[in-house]
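Asks: My questions all concern the structure below.
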Amino acid sequence: MSAFAKRTGLLFPLLLAGCTSSLDTNGGRRPGGGQVAPGATTETPGSPGTPSASPLTPPGGMTSAVVTPPVVIGPPPVVPMTCTAPFDPGFTPLRRMSRGEYDNTVRDLLGDTTAPARAFPNDDSVIAANLTLPQLLFEKYFDAAKTLATDAWARQVAGTQTVSLWPCTPSATDLTCARQIVSSFATRAFRRPVPESDLAPYFAILSKAETLGDSLEVGTKQALRAVLLSPNFIYRPEFDVPETPDAIHQLNPFEIASRLSYFLWASMPDAGLFDLATQGTLSNPEVLRAQANRMLTDPRSVGFVEKFGAYWLGISGIENANPDPAIYPTWSEELRASMAAETRTFLGAFVHEPHPLRSSLDANFTFLDQRLSDHYGISLSGGTADPSGLTRVPLPQGVRMGLLGHASLLTMNSKATETAPVRRGKWVLGNLLCSAPPPPPPNIDTTEAPPMPGSGPQTARERLAIHRADPACAGCHAAMDPVGLGLENFDGLGRYRSVDSNNIPIDPSGMLPTGEAFTTFEELRSILKSDPRITTCAASSVLTYALARSTTESDSCLTTDLATKADTANSSLSDLLLGVIESPWFTFRRGEKLP
Amino acid sequence: MRKSWKINRRWLFAGAGSALALPLLEQMNFARAQANGARRYLGICMPNGVPSEQWVPAATGANYTLTTAQTSLEVVKSDIMVVSGLSNKIAEQNGIGSLHYGGVAGLLTCAVPQPGSSPVIGISIDQVLANAVRSGTRIASLQLGLKEGTTVGSGAQCGAGTPCVYGRELSWSGPSTPVLKEISAKAAFDRIFTGVSPTPAPPPGPDPAPAPAPTVDKEREYNQSVLDAVRADAQLLQARLGASDKERLEQYLTAVRELELRVGGSGLPTGGGGEPGGGGTVPISSGCQPGTGPAATLTYEEHVAAMYEVIALAFQCDLTRVATLLLGEAECDYVFRSLGQGAVWHEEVSHGQPQAHNEIIRWHLGEFAKFVMRLKGMVEPGGTTVLDQSAVFFGSDVNDGPEHTFTDMPVILAGRAGGAINPGRHVRFNGQPLANLHLTMAQAVGLTQQSFANSTGTVNLA
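Right under this line is the structure:
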């Protein structure tokens with residue numbers, strides 16, 4: 005960070021005219037003016053319509069069956085050896101910040117920790133196409149921008165602002181300083197250098213204040229409010245090559261910085277990333293890797309842990325769990341929070357520590373507080389304090405090892421009054437194996453049949469036997485039910501039990517459609533741990549999350565490559581993240597193919 | 017806690033009884049609109065389905081007996097119409113999200129919900145109506161709900177191949193653009209009524225107080241310049257984006273325009289129906305008394321009552337004429353402890369406990385009945401009531417909780433839509449598409465187009 009930036013407390017150094025000499029002010033690519041990706045080895049020709057196509061020749065060679073090699077502009081992407089089809093990074097629509105990203109971004113942009121987006125409508129989706137902008141949300145943005153700007157300005161005046169808004173000291177009449185404040189704020193809020201000419205609409209607000217007889221400070225505050233409502237703030241635009249919008253090209257360094265920061269932090273780039281983008285070195289593989297590693301150790305990486313945890317494992321589902329206190333007297337909001345904290349911290353350990361990805365299914369440690377320690381009957385002694393506030397507890401061989409023993413996942417996949425083996429089985433298939441069964445056909449009564457009068461209590465296994473008897477159900481339930489029944493040793497709150505609520509001993513044994521049989525939960529767990537889909541599912545989940553679009557056939561060579569590495573080199577979740585970041589899927593883009 | 021929801025709904029709206037009217041700069045044309053007989057539309061979905069045997073009365077016509085689940089409607093029986101026999105099988109296709117998700121998104125769209133990572137369905141009838149009527153009210157259309165709704169992967173029926181949004185939004189402005197709902201009653205109230213401040217209307221008679229000298233409303237001026245700035249910025253950005261992103265940014269520009277009507281400008285009337293900008297002093301009815309709004313924290317049951325009250329007030333003050341209300345979400349698993357229940361609504365009650373399910377339905381219809389009575393008590397300048405001018409649709413996502421069928425959809429109507437609907441009867445339309453009813457209701461409220469979704473015509477409600 006420059007000395008000036010340090011002095012002013014700015015996250016980013018001010019981008020004065022000389023700072024951008026190697027780049028134009030739109031961040032390396034001016035719409036309408038052709039593009040030169042920094043570090044490009046292939047120049048874009050000046051004449052529109054005749055880009056120098058650079059057919060991909062991956063190191064492993066390309067089949068000659070390719071009909072139309074995609075147009076690639078700029079440096080050639082390096083794809084895994086195993087990829088035979090032409091590289092295609094796919095098209096991700098204009099991305100709007102989701103709720104969580106908005107809160108993290110205003111925290112880092114303004115030092116505002118009030119999380120205003122909690123009052124926004126539910127838009128939790130990692131798919132860019134789904135992040136539309138309905139009227140209500142725009143109005144929430146409008147209201148939030150006003151409060152955020154007013155509060156930040158007040159903190160600045162009071163001297164308590166943690167992220168300075170003032171590169172100069174404003175006065176009622178200093179127009180130069182007012183413009184400088186707007187310009188430096190817009191640069192950070194838009195996450196790229198903003199040419200003065202683009203800021204004219206915001207400067208007009210300063211004139212408006214003069215017309216209304218207000219001081220320039222009032223006008224500047226209003227201009228900052230407008231910046232917080234700008235589409236350049238609310239969305240993260242990435243630009244295509246104007247003449248050939250569907251050409252594959254490397255992202256400009258500021259676009260890469262934002263992709264990195266929203267991937268690993270669910271927030272805006274910091275000064276370090278912004279500096280590297282300004283220098284044009286961020287697309288250098290060594291620099292990119294070093295930055296990704298730095299970011300993964302930064303506390304802001306909790307942004308990834310939470311958002312990816314919600315997407316991959318669905319751990320936010322614990323917030324909707326509704327156990328019946330009449331049956332589970334120990335259930336409380338505090339217990340809910342403890343459960344969520346365990347899984348979140350556990351996932352964090354898999355991001356921050358080099359555990360093999362598959363060991364998430366039988367890790368010999370977890371994170372507990374006293375409440376969850378009592379809940380599980382696992383002592384905290386012998387544990388170590390974790391920065392999360394929980395105790396990191398070593399686990400002996402047993403049922404509690406790994407994700408499948410987490411009370412959060414077991415509870416959210418239960419009914420209010422009892423376990424839900426089908427739901428649990430479906431969760432394992434869908435979330436861990438990316439093999440979600442299709443929904444039941446219409447006109448099927450999915451109600452469990454009541455027990456025959458006088459027949460005595462039924463076990464879950466007996467109740468689900470009807471699925472095997474009905475051919476319309478058997479196909480899917482043969483995959484779901486054995487997994488769910490194998491988890492029956494965990495009650496509706498995830499506590500271990502050897503008998504069910506009717507005191508009938510639990511038989512967790514079963515056989516998967518693949519023919520693998522098990523007699524205990526731990527045997528089931530080890531079968532699941534070695535399922536090849538564990539790593540391919542994690543890889544495609546990470547890629548979907550990173551690119552904000554669903555994966556397609558042309559992504560499969562990357563996900564297969566990443567999964568193979570996870571299997572053969574025991575690589576970790578963070579290796580998977582790095583693998584995605586270092587792939588051209590992450591640093592390249594194309595516009596939408598026109599029909 | 018068990019009886020807390022039974023408090024008088026007025027308690028939820030502190031100050032509702034005080035004499036209120038509107039400030040000069042916020043002059044709303046609603047009195048004129050009411051005199052002109054402005055019609056209102058409301059679409060309500062109670063999730064989790066209702067089996068027809070719990071819903072369809074034995075007899076049709078005026079002499080029918082409400083079912084056990086419907087007894088709470090007795091007090092408004094002459095103001096409602098039980099409708100049976102309609103089919104919405106189009107929403108059954110693809111079996112989206114155990115059908116409940118397709119059922120919720122399909123209820124007002126009557127379209128095929130497509131599988132995939134992004135939603136593709138159809139425009140909903142309320143949005144068709146809002147686009148067509150363009151009433152110029154402060155809120156073009158209002159979407160309310162109770163729960164945030166399920167998000168990806170949280171163990172529900174959505175996620176892989178099924179967008180969760182199908183289960184949490186009723187209103188769709190286009191096939192892939194759900195109109196997200198507001199779930200905070202307080203925020204909804206503030207959005208609708210902020211600026212509708214309590215200033216008494218000038219009393220009739222000689223020697224009225226002189227009107228205050230016009231002052232510059234700085235807040236409004238700044239609102240306008242902020243919106244001007246971001247619009248200019250968006251246009252600049254739009255010119256640089258690819259074709260489909262350009263279109264995406266249209267959502268932003270539309271939102272700017274809509275909000276501008278309300279918070280921007282330089283003091284022109286922004287609320288109420290009638291011609292935009294048709295200012296001037298309009299007599300203010302003493303009927304519009306929004307009060308100070310609901311409390312920020314409500315129980316689930318209070319929440320339901322508060323949302324109904326927000327809609328009633330918004331209709332009465334003519335700040336919106338089109339609204340939807342989703343009473344939960346697809347596969348809603350709320351536990352009605354207030355009814356002495358311990359099991360969750362969807363997975364346990366609607367699937368396997370018909371008596372308890374009846375109680376839940378009866379409770380919901382009871383709240384609906386209170387809402388109908390509230391509209392009926394809102395007398396408009398012409399002597400009619402808000403209920404007389406309204407067309408209210410109350411339905412559920414599927415017929416028959418356990419089996420999830422889309423024939424014989426559970427529907428109840430309320431209101432007379434200015435005379436187009438003749439309630440007090442059970443009417444059966446065997447096998448006609450649900451879209452026919454939506455089209456008929458929308459036409460009664462002012463829609464002129466002759467078809468909607470998979471409609472094959474209209475139904476006779478008169």
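Protein chains in written order, with this note's numbering: chain A, 5 to 599; chain L, 17 to 478.
We treat Cβ as the ideally placed atom computed from N, Cα and C, and that holds for glycine.
Just so you know, these numbers come straight off a predicted model, no measurement behind them.
1. What's the gap between the Cα of R154 of chain L and the Cα of L335 of chain L?
2. Rounded to whole angstroms, what's the CA-CA distance from K212 of chain A to L252 of chain L? Just pull it up for me.
3. W188 of chain L lies in the beta strand (DSSP E); which residues open and close that run?
4. Checking the sheet assignment: what are the DSSP bridge partners for R396 of chain A?
5. Let's test the definition: count the other Cβ atoms within 10 Å of the Cβ of M515 of chain A and tell me whether it reaches 16, buried, or not, exposed.
6. Can you say whether P333 of chain A is buried or exposed, counting buried as having 16 or more other CB atoms within 10 angstroms of its CB?
7. Please state the DSSP three-state secondary structure of Y117 of chain L.
8. Return the residue from the list L:I106, L:P191 and L:L277 that minimises the CA-CA distance to G138 of chain L.
9. On the DSSP bridge assignment, give the partners of M515 of chain A in chain order.
10. Given a threshold of 16 other Cβ atoms within 10 Å of its Cβ, counted over all protein chains shown, does S502 of chain A qualify as buried or as exposed?
11. Measure from the alpha carbon of T421 of chain A to the alpha carbon of each residue in L:P370, L:D349 and L:S467, then state which is nearest.
12. Here's the rule: buried if 16 or more other CB atoms are within 10 angstroms of the residue's CB, otherwise exposed. What is E338 of chain A?
13. When the Cα of Q139 of chain A is compared with those of L:F205, L:V136, L:E266 and L:E69, which residue comes out closest?
14. Assuming L429 of chain L and I437 of chain L make a contact with CB atoms under 8 Å, what is their CB distance in whole Å?
15. Got a sec: which bits of the segment 210-244 of chain A sit with their beta carbon under 7 Å from any beta carbon on chain L, in order along the chain?
16. Ends of the beta strand (DSSP E) at G61 of chain L?
17. Does the Cβ of E557 of chain A have 16 or more other Cβ atoms within 10 Å, making it buried, or fewer, making it exposed?
18. Just to confirm my understanding: we take N134 of chain A, look at its own chain, exclude 5 residues before and 5 after, and list those with CB closer than 8 Å. What are they?
19. For I470 of chain A, count the other beta carbons within 10 Å of its own beta carbon; 16 or more makes it buried, fewer makes it exposed. Which is it?
20. Once you ignore the five residues that flank S366 of chain L on each side, which residues in its own chain have a CB closer than 7 Å to its CB?
21. Does the beta carbon of F142 of chain A come closer than 8 Å to any beta carbon on chain L?
22. Could you name the residues of the same chain whose beta carbon sits closer than 7 Å to that of L114 of chain A, not counting the 5 residues immediately before and after it, in chain order?
23. Using the Cα positions of R103 of chain A and S265 of chain A, report the straight-line distance between them to the nearest angstrom.
24. Would L497 of chain A pass as a contact of A542 of chain A if the rule is Cβ separation under 8 Å?
25. What ranges does the beta strand (DSSP E) occupy inside the segment 405-468 of chain L, keeping only unbroken runs of at least 3 residues that lie completely in it?
26. Helix, strand or coil for V195 of chain L, going by three-state DSSP, please let me know.
27. Taking the alpha-carbon positions, what's the I252 of chain A to G94 of chain A distance?
28. Around the Cβ of R293 of chain A, are there at least 16 other Cβ atoms within 10 angstroms (buried) or fewer (exposed)?
29. For a minimum of 4 consecutive residues, which ranges assigned as the alpha helix (DSSP H) are wholly contained in the segment 89-172 of chain A?
30. Among all the DSSP beta bridges, which residues are the ones paired with Y380 of chain A?
31. Give a yes or no on whether 8 Å exceeds the smallest Cβ distance from G258 of chain L to chain A.
32. Do Q143 of chain L and V136 of chain L count as a contact pair if the criterion is CB distance below 8 Å?
33. How is I77 of chain A classed by DSSP in three states: helix, strand or coil?
34. Quick check on the burial criterion: 16 or more other C-beta atoms within 10 angstroms. Buried or exposed for D107 of chain A?
35. Kindly list the residues whose CB is nearer than 8 Å to the CB of P370 of chain L, restricted to its own chain and excluding five residues on each side of it in sequence; keep chain order.
36. On the DSSP bridge assignment, give the partners of G183 of chain L in chain order.
Replies: With the given structure in hand:
1. By one-based count along the second sequence, residue 154 of chain L stands at place 138. By one-based count along the second sequence, residue 335 of chain L stands at place 319. Using only the alpha carbons, I get a separation of about 5 Å.
2. Residue mapping note: residue 212 of chain A aligns to position 208 of the first sequence, counting from 1. Residue mapping note: residue 252 of chain L aligns to position 236 of the second sequence, counting from 1. Between K212 of chain A and L252 of chain L, the C-alpha separation is close to 21 Å.
3. Translated into positions along the second sequence, residue 188 of chain L becomes position 172. Taken as a continuous stretch (DSSP letters only), the beta strand (DSSP E) holding W188 of chain L covers W188 to G190.
4. One-based indexing of the first sequence puts residue 396 of chain A at position 392. DSSP output for R396 of chain A lists A:F371 and A:T388 as bridge partner(s).
5. One-based indexing of the first sequence puts residue 515 of chain A at position 511. Burial call: exposed.
6. Position 329 of the first sequence holds residue 333 of chain A. Per the 10 Å Cβ criterion, exposed.
7. The residue labelled residue 117 of chain L in the question sits at position 101 within the second sequence. DSSP places Y117 of chain L in helix when its eight states are reduced to three.
8. Taking the second sequence and counting its residues from 1, one reaches residue 138 of chain L at position 122. The shortest Cα separation from G138 of chain L among L:I106, L:P191 and L:L277 belongs to L:P191.
9. Counting from one through the first sequence, the residue named residue 515 of chain A turns up at place 511. According to DSSP, M515 of chain A bridges with A:A521.
10. Mapped onto the first sequence, residue 502 of chain A falls at position 498. S502 of chain A comes out exposed.
11. Here the question's residue 421 of chain A lines up with position 417 in the first sequence. Looking at the Cα atoms, L:D349 is the closest of the given residues.
12. Against the first sequence, residue 338 of chain A aligns to sequence position 334. E338 of chain A is exposed by the Cβ-count criterion.
13. Taking the first residue of the first sequence as position 1, residue 139 of chain A is located at position 135. Taking only the C-alpha atoms, the option nearest Q139 of chain A is L:E266.
14. Numbered from 1 along the second sequence, position 413 holds the residue referred to as residue 429 of chain L. Numbered from 1 along the second sequence, position 421 holds the residue referred to as residue 437 of chain L. Right, their Cβ atoms sit about 6 Å apart.
15. K212, L216, Q226, R229, A230, L233, S234, P235, N236, P241, F243 and D244
16. For this step, residue 61 of chain L is matched to residue 45 along the second sequence. Note that residue 61 of chain L corresponds to Cys in the displayed sequence, not to Gly. Residues R56 to M62.
17. If you number the first sequence from 1, residue 557 of chain A lands on position 553. Counting Cβ neighbours within 10 Å, E557 of chain A comes out exposed, since fewer than 16 surround it.
18. Against the first sequence, residue 134 of chain A aligns to sequence position 130. Taken in chain order, the residues that qualify are D127.
19. If you number the first sequence from 1, residue 470 of chain A lands on position 466. Exposed is the call here.
20. Along the second sequence, one-based indexing puts residue 366 of chain L at 350. Once the five neighbours on either side are set aside, the close Cβ partners of S366 of chain L are N64, G65, H373 and G417.
21. Numbered from its first residue, the first sequence carries residue 142 of chain A at position 138. Chain L contact via Cβ: present.
22. The residue given as residue 114 of chain A occupies position 110 in the first sequence. Closer than 7 Å at the Cβ level, and outside the excluded window around L114 of chain A, lie L152, A156 and V167.
23. Walking along the first sequence from the start, residue 103 of chain A turns up at place 99. Walking along the first sequence from the start, residue 265 of chain A turns up at place 261. Cα to Cα, R103 of chain A sits roughly 16 Å from S265 of chain A.
24. Here the question's residue 497 of chain A lines up with position 493 in the first sequence. Here the question's residue 542 of chain A lines up with position 538 in the first sequence. No, the Cβ-Cβ distance between L497 of chain A and A542 of chain A is not below 8 Å.
25. 406-412, 427-430 and 441-444
26. The sequence position of residue 195 of chain L within the second sequence is 179, counting from 1. If DSSP states are grouped into helix, strand and coil, V195 of chain L belongs with coil.
27. The count along the first sequence starts at 1 and reaches residue 252 of chain A at position 248. The count along the first sequence starts at 1 and reaches residue 94 of chain A at position 90. Between I252 of chain A and G94 of chain A, the C-alpha separation is close to 9 Å.
28. Mapped onto the first sequence, residue 293 of chain A falls at position 289. By the 10 Å Cβ count, R293 of chain A comes out exposed.
29. 103-114 and 139-162
30. The count along the first sequence starts at 1 and reaches residue 380 of chain A at position 376. Bridge partners of Y380 of chain A: none, in fact.
31. As a working note, residue 258 of chain L is residue 242 in the second sequence. Output row for G258 of chain L: interface = yes.
32. Numbered from 1 along the second sequence, position 120 holds the residue referred to as residue 136 of chain L. Numbered from 1 along the second sequence, position 127 holds the residue referred to as residue 143 of chain L. Cβ distance not < 8 Å, so V136 of chain L and Q143 of chain L don't count as in contact.
33. Walking along the first sequence from the start, residue 77 of chain A turns up at place 73. Of the three classes helix, strand and coil, the one that applies to I77 of chain A here is strand, per DSSP.
34. The sequence position of residue 107 of chain A within the first sequence is 103, counting from 1. Counting Cβ neighbours within 10 Å, D107 of chain A comes out buried, since at least 16 surround it.
35. As a working mapping, residue 370 of chain L is identified with position 354 in the second sequence. Within the same chain, P370 of chain L has close Cβ partners P67 and Q70.
36. Position 167 of the second sequence, counted from the first residue, corresponds to residue 183 of chain L. Per DSSP, none; premise fails for G183 of chain L.
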